[in-house]
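Data block below; observations after.
2 protein chains.
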Amino acid sequence: MGKTGMGNHSGSSRDRESMMTGKIRALADQYRSALVDDVLPFWQKHSVDREYGGYFTCLDRTGRVYDTDKFTWLQARQVWLFSMLYNRMEKNPAWLDMARTGADFLRTHGRDGDGNWYFSLTAAGDPLIQPYNIFSDCFAAMAMSQFALATGDDEARAIALTTYRNILARRKNPKGQYSKTVPGTRPLRSFALPMILSNLVLEMAWMLDPPVLDETLDGCVRDVMGLFYDPERGLIFEHIAPDGSHVDSFEGRLINPGHGIEAAWFMMDIGRRRGDPGLIARATDALLSTLSFGWDGEHGGIFYFLDAEGNPPDQLAWDQKLWWVHAETLIALSLAYALTGREECGQWYDRLHEYTWGHFPDPEYGEWYGYLNRRGEVLLPLKGGKWKGCFHIPRALFHCMNTFNEMAKRHA
Amino acid sequence: MGKTGMGNHSGSSRDRESMMTGKIRALADQYRSALVDDVLPFWQKHSVDREYGGYFTCLDRTGRVYDTDKFTWLQARQVWLFSMLYNRMEKNPAWLDMARTGADFLRTHGRDGDGNWYFSLTAAGDPLIQPYNIFSDCFAAMAMSQFALATGDDEARAIALTTYRNILARRKNPKGQYSKTVPGTRPLRSFALPMILSNLVLEMAWMLDPPVLDETLDGCVRDVMGLFYDPERGLIFEHIAPDGSHVDSFEGRLINPGHGIEAAWFMMDIGRRRGDPGLIARATDALLSTLSFGWDGEHGGIFYFLDAEGNPPDQLAWDQKLWWVHAETLIALSLAYALTGREECGQWYDRLHEYTWGHFPDPEYGEWYGYLNRRGEVLLPLKGGKWKGCFHIPRALFHCMNTFNEMAKRHA
């Protein structure tokens, strides 16, 4: 029996109902407290660069800055996070101030002459790594959109829209000159971009024309559930042939369970907004089968990478347990359980809850570890780095809190 | 006390001498047998592509081919290995046949219109990944040079020389259009190229003018020992500023102990050929201090990556124990011990021998594992992949066998 017991119903119907409501309220409180008493204060205290603006994200276990470079992904995601919380949780002026320092730093230093977003900058804002990575643009658009929504800042809104259009223009060849693939020999489509787009377009929804938005969402669902998701295998593949068939190569066999699970909740989110229970059901199937495939039966937790055919994956970090994978899975399972009521979702939620809350939070210095080894031991004692910033953990805490609050209301 | 007891001298001088000679002979036999009875037959049996020529290198634990793509690094290294053994160990026609299938495949399919070497090809030889990586060219030049030496093949000799000149022409900007660094903000020099050049130039020695060879070797030693090696820290840094100073960034703090140790034996090799005991002594210092820094005091073995300042490294595989790191260290320590007689080298050799022979070989299916986790458990049950081929292990077995044979002769 899991800690939360959400998937374990016994006793009389009325007792069960009342126990469940209590448990769900306790869960909502647990997520709320972790968000506002632990994770947000950690970043507010340690990450602000008072000299140049923007954020330090390379924070060791205690919050000490061990590297001052600024990575567009993480700058943008932190702007997004504090703007989103301001928009959706509480009009807290300190949160808006946090968002503003990053938004101002990004719009001043983040783009090259063509409006493409650099991958990284020095602390002072000098460009270090070229705009080779279209996800920098995706996260910048999300950031500017949420920040414009919070502030009514017209410049931020314009930057979001220009960046969004630029992403659509670049999407057929997102790597441009940096692509190392010889054209023609083995054409592959990557899952990462359609996946992010299906989240980005919802973020941009408030400034898009409804018919354009609808058409784009149709395309996203078609790509994710129709092409990259293989319903027979129950898995989302990271790379497919243009016709959706599988390719027997390292890329073609690659499964990234965290990606698949994240995409599953993006699909549920779209299904919920559109009132499409069929999409929610299919996304829940994808979530559950990906979890079964990606779960480490020996040590618990979800693997980072697997080969669909069971061959050795190319990624040396394949067996590690990463914060974002588990954070996304908490979001996906709580949402799937709330939307479908399927028992299996509750049982999986319990298992994930126990593993995630038992391994990632650092009770001594606050916030959550990012990288555990296969056994669940801390692999890198950092709270932030080049890839982990103020994003997945607080976003998951916020979503789970909301989902459990809504469930509690329905049960009450 | 280590298994081989090479670093542990006790008893009378004569007894000790005779015991040592026996141990050294046993070591030479152990390396010879592993090379000719285990590792070479594994690749001869499993890696040959009888349809298209060249080699399959993605071999699982049993030798089964799990992916058929052909990576230029590994094709070239296997050509080099069998040619080199033919040239230096035994005129075995089967070894020359093995080299020829790869050499023919590479010269037919390996280059683009400018003579740059693709990074990877399909089994049939169609290009997959562009020539973004200058080390493909380095290993192709080494392969063609050894193969030409073995066969007198004029075309192979010409390809080796053209490729070598092309590498020198590209060395200031080896990544070309694929470089993601914004010029000017933080100029860095990478260690990998000067390191490989210091080995490549010795491989090419037989076809270079002696004064050109001498000048190039001077430059290599100056780069490796004068710029990248920091004698105060006792470490070779992977990236330095153009003036040799350290840069406080992820790249600037990065230590790759296996790289440093490999470079140390390249330097000893140059020192031995040039009769330069000063260079040998400095390279031995570098070897020993890098080993002390890179050794995992808790679980044994040498870490893959470390941060010079003790910060979390960016590389998630930082704590893994890799075949090539340990193979290079066996070469370096045996050579350092043979050339300097320093007790510390013998003691370290014993420790490395025990760890490496105790963890990497697979007694059941033959050959050696490539990737162990921090605890020394098998992380990926493969014998070959995208990066591990028929190269580091047999090269180390050959060098160590030779070194111990020469030591035994001197002792006898």
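Protein chains in written order, with our numbering: chain P, 240 to 651; chain B, 240 to 651.
Backbone N, C-alpha and C define an ideal beta-carbon position, used for all residues, glycine too.
Is it buried or exposed, residue i, if we count other Cβ atoms within 10 angstroms and call 16 or more buried?
i                      : result
residue 445 of chain P : exposed
residue 451 of chain P : exposed
residue 332 of chain B : exposed
residue 426 of chain P : exposed
residue 369 of chain B : buried
residue 492 of chain B : buried
residue 301 of chain P : exposed
residue 602 of chain P : exposed
residue 309 of chain P : buried
residue 240 of chain P : Here the model assigns residue 240 of chain P a pLDDT of 32, short of 50, so the residue's position is not dependable, and the following value carries that caveat. Exposed.
residue 567 of chain B : buried
residue 564 of chain B : buried
residue 405 of chain P : buried
residue 416 of chain B : exposed
residue 549 of chain B : exposed
residue 574 of chain B : buried
residue 272 of chain B : exposed
residue 508 of chain P : buried
residue 449 of chain B : exposed
Beta-carbon within less than 7 Å of residue i's beta-carbon, same chain only, minus the 5 sequence neighbours each way: which residues are those?
i                      : result
residue 410 of chain P : 432
residue 256 of chain B : 650
residue 398 of chain P : 346, 383
residue 499 of chain P : 474, 475, 525, 529
residue 521 of chain B : 464
residue 328 of chain B : 637
residue 538 of chain B : 613, 614, 615
residue 400 of chain B : 446
By Cβ distance, which residues of its chain are closer than 6 Å to residue i, with the 5 residues on each side in sequence left out?
i                      : result
residue 402 of chain P : 376, 379, 380
residue 629 of chain B : 282, 317, 320
residue 652 of chain B : Coverage of chain B is limited to positions 240 through 651, which leaves residue 652 of chain B absent and any answer about it impossible.
residue 442 of chain P : 381, 384
residue 489 of chain B : 553
residue 430 of chain P : 467, 477
residue 461 of chain P : none
Does the beta carbon of residue i come closer than 8 Å to any beta carbon on chain P?
i                      : result
residue 620 of chain B : yes
residue 488 of chain B : yes
residue 299 of chain B : yes
Taking CB distances under 8 Å as the criterion, tell me whether residue i reaches chain B.
i                      : result
residue 306 of chain P : yes
residue 547 of chain P : no
residue 624 of chain P : yes
residue 291 of chain P : no
residue 610 of chain P : yes
residue 642 of chain P : no
Does at least one heavy atom of the ligand MG sit under 7 Å from the Cβ of residue i?
i                      : result
residue 306 of chain B : Absent from the structure shown: the ligand MG. Ligands present: none.
Take residue i and list the residues in its own chain whose beta-carbon comes closer than 8 Å to its own, dropping the five residues that flank it on each side.
i                      : result
residue 252 of chain B : none
residue 435 of chain P : 374, 377
residue 645 of chain P : 577
Exercise. With 7 Å as the limit, tell me which residues of the stretch 406–432 of chain B have their beta carbon closer than that to any beta carbon of chain P; keep them in chain order.
Key: Within the stretch 406–432 of chain B, the residues whose Cβ lies closer than 7 Å to some Cβ of chain P are 416, 417, 419, 420, 421, 424, 425, listed in chain order.
query: Which parts of the stretch 450–504 of chain B are runs of the alpha helix (DSSP H), unbroken and 4 residues or longer, counting only runs that do not cross its ends?
result: Qualifying alpha helix (DSSP H) stretches, in chain order: 489–492.
* Where the stretch 354–369 of chain P meets chain B: residues whose CB sits under 8 Å from a CB there -> Correct list: 357, 358, 361, 365, 366, 367, 368, 369.
Note down, in chain order, all residues in the stretch 549–564 of chain P with a beta-carbon under 8 Å from any beta-carbon belonging to chain B.
Within the stretch 549–564 of chain P, 550, 551, 552, 553, 555, 556, 557, 558, 559 place their CB atoms closer than 8 Å to a CB of chain B, listed in sequence order.
Give, in chain order, every unbroken run of the beta strand (DSSP E) that is at least 3 residues long and sits entirely within the stretch 283–315 of chain P. Listed in chain order, they are 304–306.
- Anything in the stretch 367–391 of chain B with a Cβ closer than 7 Å to a Cβ of chain P? List those residues in chain order, please. Within the stretch 367–391 of chain B, the qualifying residues are 367, 368, 369, 371.
| Uninterrupted alpha helix (DSSP H) stretches inside the stretch 517–563 of chain P (no shorter than 4 residues) | Listed in chain order, nothing qualifies, since the stretch 517–563 of chain P has no complete alpha helix (DSSP H) run of 4 or more residues.
- Go through the stretch 577–651 of chain B residue by residue and report every complete run of the beta strand (DSSP E) that reaches 3 residues or more, in order. The qualifying runs are 617–619.
Q: Ignoring anything shorter than 4 residues or poking outside the stretch 343–377 of chain B, list the alpha helix (DSSP H) runs there in chain order.
A: Correct list: empty.
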